[in-house]
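One structure below.
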Amino acid sequence: MKPNTKLLRSLIQEIRRASSEQKAKNNIMIQYILEQAKSHQETSEVLCKAREELKNLAETYLCYLNSQRMCKEIKIRYAGKGERSIKETADLVGFKLPHDPK
Numbered sequence: 000m001k002p003n004t005k006l007l008r009s010l011i012q013e014i015r016r017a018s019s020e021q022k023a024k025n026n027i028m029i030q031y032i033l034e035q036a037k038s039h040q041e042t043s044e045v046l047c048k049a050r051e052e053l054k055n056l057a058e059t060y061l062c063y064l065n066s067q068r069m070c071k072e073i074k075i076r077y078a079g080k081g082e083r084s085i086k087e088t089a090d091l092v093g094f095k096l097p098h099d100p101k
C-alpha cells in the first residue's frame, strides 16, 4: 500500500470518528478530500512541490483530528466527579495502595 493511500485512509477514518455522518457519500469533508487527492494524483509525479504540499497538509489535519479526539477522551476520563476515595485516586494515577498486614 502506498504511503499516500495509507495517509488518506487514516484521515478519512478520523473524520468519520469526529463527524456524526458515517457515510462517505453524505460527508462533505470526505468528498472534498477525495477530490483534492484525485486532482493532485497526476501532478504528484510531475511536480514534487504539489505532492509534498498535499501530503504535509493531510498529515497536519490528521494530527489535529487525532489530538482533538485524544483531548476529549482525556477530559472525559479525568473530569472532576466530586470527591473520590483514596483507592479510586490511586487507580486513576496508576499507583497501588499498600495492603494492610493485619
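Here numbering that gives the first Met the number 0 is used: the first residue of the sequence shown is 0, the next is one more, and so on. Cβ atoms here follow ideal geometry from the backbone N, Cα and C, with glycine treated the same way. Since the structure is predicted, the reported quantities are computational estimates derived from the model, not experimental observations.
C-beta contact flag for residue i and residue j at 8 Å
i, j, result
"LEU61", "GLU20", "no"
"ALA89", "LYS95", "yes"
"HIS39", "LEU53", "yes"
Distance between beta carbons of residue j and residue i, contact taken as under 8 Å
i, j, result
"LEU7", "GLU58", "Not a contact, Cβ separation roughly 11 Å."
"ILE27", "ILE11", "The Cβ separation is near 13 Å, so there is no contact."
Buried versus exposed, by CB contacts within 10 Å (16 or more), residue i
i, result
"ILE85", "exposed"
"ILE73", "exposed"
"ILE32", "buried"
Is the stretch 52–67 in contact with the stretch 3–17, if contact means three or more CB pairs nearer than 8 Å?
-> A contact exists between the stretch 52–67 and the stretch 3–17.
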